[in-house]
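Chain order of the listed sequences is W and R. Residue 328 in the UniProt record's numbering is what sits at position 328 of the first sequence, and the numbering runs on without skipping anything. Residue 17 in the UniProt record's numbering is what sits at position 17 of the second sequence, and the numbering runs on without skipping anything.
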Amino acid sequence: MMNYLKRKIVIYILTFIFAVTIDFIIPRLMPGDPIAVLLSRFATMPQATQYLHGYFIEAFGLNKPLWEQYITFWKAVLHGDLGISIYFYPKPVAQIIKEALPYDLALLVPSIVASWIVGNWLGAYAGKNRKLDSYLMPVFFFLQASPYFWFAILLAYIFSVKLELFPLSGAYSYGIIPSLSWAFIKDYLHHWVLPFLSLFLVQLGGWAIGMRNMIIYELEADYVRYLEALGSSERTVMRHAFKNAMLPQITGLALQLGLIVAGNVTVQVVFSYPGIGYILMQGILNQDYFLIQGCFLVIILTVLAANFIIDIMYALIDPRIKAAYVEG
Amino acid sequence: MPVGKSKFEVLKIALKNIKFKVGLGIVIFFALFAIIGPLLVPFDNMGYYPIKVGDRVIPKPTEPALPPGSLSKVFTPNGTVEVKHYLGTDSFGRDVYAQLTYGLRSSLIVGLLAGSIATAIGLLIGFIAGYKGGLVDEILMMITNIMLVIPTMALLIIIAAYLPYRGIGIESVIIGLTAWPWTARAVRAQTLSLKRREFVDLSKLSGQSDLQIIFGEILPNMVSYVFMVFILQFSGAILAAVGLDFLGLGPTKGMSLGIMLQMAVLWNAINLGYWWWAIPPGLVIAILITGLYMINLGLEEVFNPRLRRE
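Okay, here's the thing in structure tokens:
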């Protein structure tokens, strides 16, 4: 297991270096001058423009040689300094992200966990039961094929505009100030339902399809025939098949994370939900390059962290990796 | 792997598979819709009614936000023309049906281009890594694993955000350049199992170069697999493009399904109850991708009898 983990850690460190380098290179490689684009927003204030131009050139060390800029960029990143946002000037990007991140986690973590559990369970059910399978498969396929944000639009139209059950946008009502009071939590959960459902349902389809295919493979395996020949109950057989089919689903979880993050970005835009995705959109619309860079870094970091946790989980569960560890 | 079976035979078995048939039907329907659909209405790709004044074409909107099936009048220099809006109009009086067919056209083009690029890169890296092995394999797989962990969409967003001008071509290239890693891994695994077969040894003995063996011996044995990979890349690319377009990072000119959805959300089509503007573009994508997935599952059942259950 140590070897497995060492290998993984090397990959993660390299990925992080690669991501920060991309974050550094892209604005410098792209045609045009990002600073000039930023400053066009202040065109009516010539003095401010001049001051800001000097400030940004200075702050980002754009007058220095590239390698020196690269090192400065790394130092800043490692200190958690992601620059100053232009759109939310003079708020630092790091602070904006810190305020938005809890909303992302509150939406993503439950939707991933819930869809994974329910999806695997439903998929196993469909894999076992042929009649149910023919009805459930098209539904799973349709869910998985839907873009997250379109599903959000659909849910918003049905449950918010037509049935008026849930609010259409925001993470809480305008009149309420975020706090840990019961009134706020109730209001927050009310706003949380629709974005959660759109992420949950689309992911559910994917997990169910994966599990269904795995279960069909497993039920044809030799050990299942052996168990059946021994006269084991269907419950026992299913328990073994389910356990074996779980492993690839855990790897799948790590691979899916990137996609889920993307889905989260678009869903937040539909519901004006104040997480990183929504902030990122503001950055894009207002050409706030530092905000875009900061969001990219944070998205990468969270995905890396989540992937790493899943890898450790996998190492603890997979008997082959566990065996290698016990044997030394 | 259907080694030894002719392609014709495979197709015959596939056409007996109900999932494959339904999926193929859906995809063919939408392909025809994208090709022929625009010809059936007088509107341009933005849903405007083009009026000719001399040599110039002046696009003209009709009445805003009409429900599906409405008729409306367009006043032209040559008199009034009555037009029918199959899917109604948006808040700017532009025909939704026209936007939908033209939009589907560009989504399919991006899907084909980006899907091909991603499949080609994935194949090349997978083949080389799997066939060469050793240090080359280590390095290529390291790069692949790094790309695999980075969320493609986040990478796409920052690349797209910095491009001052974007067209369908550029969009396809950047989607293709970021979507290959899982294909490379899968192809590498297939290559590893194929390269141990006798016919590869035979080719080696006859002095063929590595590239000749890869493309002459290994690739032909993986045609069906490559086709399935391409279908998944194709649908993934369509979804990625729709997401980018929705965020306003798609083509800066023209129409696409993602741009339709972006406009619908931006101009509050949901609050205003204009469902015919916000729902159809996504529904078309969801059904089309469902069709592609069904083709894939059908083929999987054809090549892998264990999954078949009759």
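Glycine residues also receive a C-beta, built at the ideal position from the N, C-alpha and C atoms.
Quiz prompt | Residue burial classification, W/G258 (beta-carbon count within 10 angstroms, cutoff 16) | solution = Burial is judged here by how many other beta carbons sit within 10 angstroms of a residue's own beta carbon; W/G258 has at least 16 and is buried.
Exercise. With DSSP collapsed to three states, give me the class of W/K128.
Key: Assignment of W/K128 by DSSP, reduced to helix, strand and coil, places it in the helix class.
Self-check item: Proximal residues to R/M142 (C-beta, below 6 Å), its chain only, five neighbours per side dropped
Solution: Non-local beta-carbon contacts of R/M142 in its own chain, meaning distances under 6 Å to residues more than five positions away in sequence, are absent.
Quiz item: Which ranges would you report for the alpha helix (DSSP H) in the stretch 201–259 of chain R if only whole runs of at least 4 residues count?
Solution: Runs found: 210–213 and 223–246.
Quiz item: Between the C-alpha atoms of R/I117 and R/Y293, what's the straight-line distance to the nearest angstrom?
Solution: In this structure, the alpha-carbon of R/I117 lies about 20 Å from that of R/Y293.
Quiz item: Terminal residues of the continuous beta strand (DSSP E) containing R/V51?
Solution: Here the sequence assigns Ile to residue 51 of chain R, which means Val is not the residue at that position. From DSSP, the beta strand (DSSP E) with R/I51 extends over Y49 to V53.
Quiz prompt | Range of the contiguous alpha helix (DSSP H) that encloses residue 372 of chain W | solution = Any property of residue 372 of chain W remains undetermined from this structure, which presents chain W solely from 1 to 328.
Quiz item: Which term fits W/H79, buried or exposed, when burial requires 16 or more other beta carbons within 10 angstroms of its beta carbon?
Solution: Classification of W/H79: exposed, given that the 10 Å Cβ count is below 16.
Quiz item: Between which two residues does the alpha helix (DSSP H) carrying R/S106 extend?
Solution: In the DSSP assignment, R/S106 falls within the unbroken alpha helix (DSSP H) covering V96 to K132.
Quiz item: Going by DSSP, what residues sit across from R/F75 in a beta bridge?
Solution: R/T80.
Quiz item: So, helix, strand or coil for R/K16, using DSSP?
Solution: Reduced to three states, the DSSP call for R/K16 is coil.
Practice problem: Please classify R/S209: is it buried, with 16 or more other beta-carbons within 10 angstroms of its beta-carbon, or exposed? | Solution: In this structure R/S209 is exposed. Its beta-carbon is surrounded by fewer than 16 other beta-carbon atoms within 10 angstroms.
Quiz item: Which residues does DSSP pair with R/K60 in a beta bridge?
Solution: For R/K60, the pairing in a beta bridge is given by DSSP as R/Y49.
Quiz item: Excluding the five sequence neighbours on either side, which residues of its own chain have a C-beta within less than 7 Å of the C-beta of W/A241, listed in chain order?
Solution: Only I215, E218, L219 and V224 meet the Cβ criterion.
Quiz item: I think R/L288 touches R/V96, with their Cβ atoms under 8 Å apart; what is that distance to the nearest whole Å?
Solution: About 17 Å separates the beta carbon of R/L288 from that of R/V96, a gap too long to meet the 8 Å contact definition.
Quiz item: Any idea if R/S256 is buried or exposed, counting beta-carbon neighbours within 10 angstroms, 16 or more meaning buried?
Solution: Buried.
Quiz item: Can you name the residues that DSSP bridges to R/S70?
Solution: Bridge partners of R/S70: R/H85.
Quiz item: Quick one: what's got a C-beta closer than 8 Å to R/E310's C-beta in the same chain, skipping five residues either side?
Solution: Reliability fails at R/E310, whose pLDDT of 47 lies under 50, so the model's placement of it is uncertain and no value is given.
Exercise. At 9 Å on the CB atoms, spell out the chain W contacts of R/N17, in chain order.
Key: By Cβ distance, chain W contributes nothing, its closest Cβ being about 13 Å from R/N17, past 9 Å.
Quiz prompt | the stretch 263–289 of chain R: positions lying closer than 9 Å to chain W by Cβ | solution = Those residues of the stretch 263–289 of chain R that come within reach of chain W (Cβ to Cβ, closer than 9 Å) are A264, V265, A269, I270, N271, L272, G273, W275, A278, I279, P281, G282, L283, I285, A286, I287, L288 and I289.
Quiz item: Are R/L279 and W/I153 close, meaning C-beta to C-beta below 9 Å?
Solution: It should be pointed out that residue 279 of chain R corresponds to Ile in this sequence rather than to Leu. Yes. Within cutoff.
Quiz item: What is the DSSP secondary structure of residue 329 of chain W, reduced to helix, strand or coil?
Solution: Only positions 1 to 328 of chain W appear in this structure, which leaves residue 329 of chain W out of reach.
Quiz item: Within this structure, are the beta carbons of R/G115 and R/A237 separated by less than 9 Å?
Solution: Yes, these two residues count as a Cβ contact at 9 Å.
Exercise. List the residues that DSSP assigns as beta-bridge partners of W/P92.
Key: For W/P92, DSSP records a beta bridge to W/I84.
Practice problem: Please state whether DSSP places W/F18 in a helix, a strand or coil. | Solution: W/F18 carries a helical assignment under DSSP once its states are collapsed to helix, strand and coil.
Quiz item: Residues in its own chain within less than 8 Å of W/I279 by CB, not counting five upstream and five downstream?
Solution: Once the five neighbours on either side are set aside, the close Cβ partners of W/I279 are I96, I97, A100, L291 and C295.
Practice problem: Please classify R/V302: is it buried, with 16 or more other beta-carbons within 10 angstroms of its beta-carbon, or exposed? | Solution: Burial call: buried.
Quiz prompt | Residues that R/N145 contacts on chain W, provided the C-beta gap is smaller than 7 Å | solution = Contacts between R/N145 and chain W, judged by CB atoms closer than 7 Å, involve I11 in chain order.
Exercise. List the residues of chain R whose Cβ lies closer than 7 Å to the Cβ of W/F18, in chain order.
Key: Here the neighbours are I146.
Quiz item: Touching or not, the stretch 12–29 of chain W and the stretch 301–321 of chain W, by the rule of three or more beta carbon pairs under 8 Å?
Solution: Segment contact: the stretch 12–29 of chain W against the stretch 301–321 of chain W, three or more CB-CB distances shorter than 8 Å; contact assigned.
Quiz item: Quick one: what's got a C-beta closer than 6 Å to W/G127's C-beta in the same chain, skipping five residues either side?
Solution: R212, I215 and I216, listed in sequence order.
Quiz item: If you compare alpha carbons, which of R/Y274, R/V53 and R/L87 is closest to R/G79?
Solution: Put simply, of R/Y274, R/V53 and R/L87 the residue whose alpha carbon is nearest the alpha carbon of R/G79 is R/V53.
Quiz item: In terms of alpha-carbon separation, which member of R/Y131, R/P251 and R/P67 lies closest to R/G169?
Solution: Ranking R/Y131, R/P251 and R/P67 by Cα distance to R/G169 puts R/P251 first.
Exercise. Determine the burial state of R/T89: buried for a count of at least 16 other Cβ atoms within 10 Å of its Cβ, exposed for fewer.
Key: With 16 or more other Cβ atoms inside 10 Å of its own Cβ, R/T89 counts as buried.
Quiz item: How is residue 325 of chain R classed by DSSP in three states: helix, strand or coil?
Solution: Here chain R covers residues 1 to 310 and nothing more, so residue 325 of chain R does not appear.
Quiz item: If the cut is a Cβ gap below 9 Å, which residues of chain W does R/T152 touch?
Solution: Result: G258, L259 and A262.
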